[in-house]
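Below is one structure, written out as C-alpha cells; comments come after it.
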Amino acid sequence: MNHGFDTLAIHAGQDPEARTGAVIPPIYQTSTYAQDAVGAPRQGYEYSRSGNPTRDALQECLAALEGGPVGLAFASGLAAEDALLRTVCKPGDHVVIPDDAYGGTYRLFAKVAERWGLAYTPAKVSDVDAVRAAIRPGATRIVWLETPTNPLLGIADIAALAAVAHDAGALLVVDNTFASPYLQQPIAFGADVVVHSTTKYVGGHSDVVGGALVAADRTLGEELRYHQNAMGAVNGPFDAWLTLRGIKTLGVRMDRHCDNAERIAAYLDGHAKVAQVIYPGLPSHPGHEVAAKQMRRFGGMISFRAAGGEEHAVEICNRAKLFVLAESLGGVESLIEHPGRMTHASAAGSPLEVPGDLVRLSVGIETVDDLLADLEQALG
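Quick note on numbering that gives the first Met the number 0: the sequence shown kicks off at 0 and runs consecutively.
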C-alpha cells in the first residue's frame with residue numbers, strides 16, 4: 000500500500016518494538032552487541048558504528064520520505080557531504096557547485112577537498128546553460144545543487160539539470176535541506192543522491208545535529224553505506240531518536256512555516272526600508288514558476304536586502320527580539336542572521352561572497368502577527 004507523507008513520517012521504520020510493544024522505537028544506547036557464535040552477530044548487529052537499531056529506524060524513515068531505496072544518517076550535514084564526495088570522487092575529478100551555496104559546503108570544497116585533488120567550478124544553478132558550460136567533459140563527476148540555494152534562494156530546475164548531468168556521465172546531487180522532503184522530493188525529478196542537514200527542518204527543534212544521504216540507486220546506496228562505516232561519522236542513537244521524533248511533525252510544521260513566511264514576504268515586499276525581498280513564493284521571483292512545478296509550497300526561508308545598506312542590515316539583526324540572532328535554520332523558533340558576517344563568512348572574497356546588505360530569516364511557527372511586529376520595530 001502506498002501511504003501518504005505524514006503516515007510515512009510517523010510509521011516508516013517505526014513499528015512497535017517486538018519485545019514490549021513500545022510504540023516509540025527504543026534508544027539503543029550501546030556500543031557493542033552479544034553475538035550468538037563466533038562470526039554470527041544477532042540480526043547483523045556487532046558494533047554501533049556499523050549498525051544500530053535506532054539509527055536504522057531513522058535511515059528507513061528518511062529513505063521512505065525521499066523515495067529512495069537507501070537512506071543513511073550521519074553526525075552532521077557536512078559529514079554526509081564528505082562521505083559522499085569521497086565515495087564517488089577521486090583526485091583529479093571535478094564537481095560543479097552552486098555559485099550561491101552554504102558557506103560550510105563551499106569551505107569543504109575550497110579548503111578540504113581541493114587539497115585532496117578535487118576541482119570545482121561555481122555556476123549559477125538557476126541557469127541550465129551556465130551549468131552545462133561549467134561541466135568538464137570526462138572529468139565532472141557530480142553536478143551539485145541546492146534548491147532553494149543558501150542564502151539567495153535561487154531555484155534550480157532539478158529535472159532539466161538531471162538530464163544535463165546524466166548526458167555528461169555525472170551524478171546529480173541535490174541538497175534538499177531548505178525545502179525538506181515534505182516540500183520537495185528530488186529523486187522523483189531525476190536526482191541520484193539527496194543530501195540533508197537533518198539539524199534543520201527534518202529535526203525541526205534546534206536540539207540535535209545530524210545529516211543524511213538518500214540514494215536513488217541501491218548499488219550506489221550500498222557503496223555509500225560502506226564508506227559511512229569505513230569513515231565513521233555516524234549519527235549516535237540518541238541523536239537519531241531525537242531526529243525521528245522531529246520527523247513525526249515535519250508535515251504540519253512545514254505548513255505553518257510556509258503560512259508564516261508567505262505573510263512575512265508579502266509584508267516585506269511593500270516596506271520602504273527593504274530594497275528587495277527574495278522568496279520563491281513571490282511571483283516576482285525569477286524561479287517562481289520552476290519552484291511551483293517541483294515544490295509543494297515555497298518554504299520558510301526568506302532573504303531580503305536592507306534599503307540602508309550593510310550597516311542597516313546589521314542593525315536590523317541586532318534590533319530583532321522575537322527573531323533570535325543565531326546561525327542555523329529550520330527550527331520551530333524564528334531566527335535572523337547576517338549571512339556575510341555569520342554563516343557565509345568563509346565565502347568572503349570568493350565567487351560565492353554574499354551581498355553585505357543581505358538579511359536571512361528562518362521563519363518559525365510562532366503567531367505570525369507577533370513576528371510581523373518584531374520585524375516592524377527591527378527595520379527602524
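For glycine and all other residues, C-beta sits at the position ideal for the given N, C-alpha and C.
Grab me the residues of residue i's own chain with a C-beta within less than 6 Å of its C-beta, minus the 5 sequence neighbours each way, in chain order.
i      : result
HIS93  : ALA118, ARG135, ALA138, THR139
GLY67  : ILE186, VAL213, ALA214, ALA215
PRO52  : TYR27
TYR101 : ASN149
HIS2   : none
HIS343 : GLY102, VAL353
CYS88  : LEU117, ARG140
Less than 8 Å between C-beta atoms, sequence neighbours within five positions excluded: which residues of the same chain meet that for residue i?
i      : result
PRO391 : Here the chain has residues from 0 to 379 only, and residue 391 is not among them.
GLN34  : PRO40, ARG41, GLU45
MET341 : GLU326
HIS165 : LEU171, GLY189
Excluding the 5 residues preceding and the 5 following residue i in the sequence, name in chain order all residues of the same chain whose CB lies nearer than 7 Å to its CB.
i      : result
THR6   : none
VAL130 : VAL95, ALA122, VAL124, VAL142, LEU160, VAL163
ARG54  : ALA72, VAL233, ASN234, PRO236, ALA239
ASP98  : PRO121, ALA122, LYS123, PRO350, LEU351
ILE246 : ALA8, CYS60, VAL201
GLU314 : GLY379
GLY348 : none
GLU16  : PRO24, PRO25
State yes or no: is the C-beta of residue i within less than 8 Å of the C-beta of residue j?
i      : j      : result
TYR200 : GLY329 : yes
GLY76  : THR198 : yes
LEU281 : VAL273 : no
VAL323 : GLY339 : no
ALA82  : GLN227 : yes
LEU370 : SER327 : no
ALA62  : GLY50  : no
ILE263 : LEU152 : no
GLU80  : THR104 : yes
ILE157 : PRO147 : no
GLY355 : GLU309 : yes
ALA112 : LEU84  : yes
GLY168 : ALA78  : no
GLY220 : ARG48  : no
VAL194 : LEU241 : no
ALA265 : PRO279 : no
Cβ of residue i less than 8 Å from any chain D Cβ?
i      : result
ALA169 : In the structure shown, chain D does not exist; there is a single protein chain.
From the DSSP output, read off the bridge partner residues of residue i.
i      : result
GLY250 : None; GLY250 has no bridge partner.
PRO97  : ALA122
VAL213 : GLY70, VAL193
GLU336 : ARG359
MET300 : SER361
GLU145 : ASP174
ILE277 : SER302
TYR46  : THR31
With a cut-off of 8 Å on the beta carbons, I'd call residue i and residue j a contact; round off their distance for me.
i      : j      : result
ALA56  : LEU243 : 6 Å
ARG302 : LEU357 : In the sequence under discussion, the amino acid at residue 302 is Ser, which differs from the Arg named in the question. Contact holds; Cβ gap of about 6 Å.
TYR32  : ARG41  : 6 Å
ALA319 : ALA377 : 4 Å
ILE364 : ARG217 : Wrong, their Cβ atoms sit about 36 Å apart, outside the cutoff.
VAL331 : HIS204 : 6 Å
Measuring CB atoms only, is the region 296-310 touching the region 254-267, in the sense that at least three cross pairs come out at less than 8 Å?
A contact between stretches requires three or more CB pairs, one per stretch, nearer than 8 Å, and the region 296-310 meets this requirement with the region 254-267.
Would you check if there are 3 or more beta carbon pairs closer than 8 Å linking the region 172-179 to the region 21-37?
They do not touch, by the three-pair rule.
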